[in-house]
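Read through the structure below, which is laid out as structure tokens, and then see the notes.
In our numbering, the protein residues as written are 9 to 182.
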């Protein structure tokens with residue numbers, strides 16, 4: 009019997025470029041309205057700093073969507089950060105992972121055998137469920153951080169953690 013090769017990727021959610029587009033669109037709209045309807049005392053730093061910030065955040069959302077990902081190919085894992093820098097490691101190099109809240113979102117952080125940080129993934133990323141199951145199937149230790157996760161993420165992680173693997177021969181018994 010031929011085994012299927014384990015190969016998948018974890019990417020940013022599709023909402024990322026939509027939010028980036030909205031931020032850029034709102035900034036451009038405000039700038040155009042300011043050009044069409046100038047006031048005697050409007051503009052200056054109080055207008056341009058927030059607009060530049062909104063455009064920067066929008067562009068970073070696009071870059072994040074197209075660059076940041078985690079590629080799994082059997083035992084080999086490649087993490088690409090927002091700047092396109094690759095970090096390659098194997099499943100054997102993962103010591104443990106921590107699930108919790110960080111930076112306003114629910115995250116999973118992978119650590120190497122010495123406790124050094126390998127990568128950080130959001131639980132809302134496409135393919136995250138498959139990667140989390142991959143870690144559980146390969147008996148990677150999962151720790152809970154003391155930080156509070158959202159109710160939806162907590163419910164999902166509890167459900168996945170409570171699953172048990174059943175081999176093909178035992179399916180009929182279950």
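For every residue, glycine included, the Cβ atom is placed at its ideal position computed from N, Cα and C.
With a floor of 3 residues, list each beta strand (DSSP E) that falls wholly inside the region 67-96, ordered by position along the chain.
77-81 and 84-88
From which residue to which residue does the beta strand (DSSP E) around residue 102 run?
102-110
Which of helix, strand or coil does DSSP assign to residue 18?
strand
Can you tell me whether DSSP reads residue 147 as helix, strand or coil?
coil
Neighbour-count burial assignment, residue 77, 16 or more Cβ in a 10 Å radius:
buried
Closest to residue 38 by CA distance: which of 118, 61 and 116 is it?
61
Span separating the alpha-carbon of residue 23 from that of residue 124:
30 Å
Give the secondary structure of residue 64 by DSSP, where H, G and I count as helix, E and B as strand, and everything else as coil.
helix
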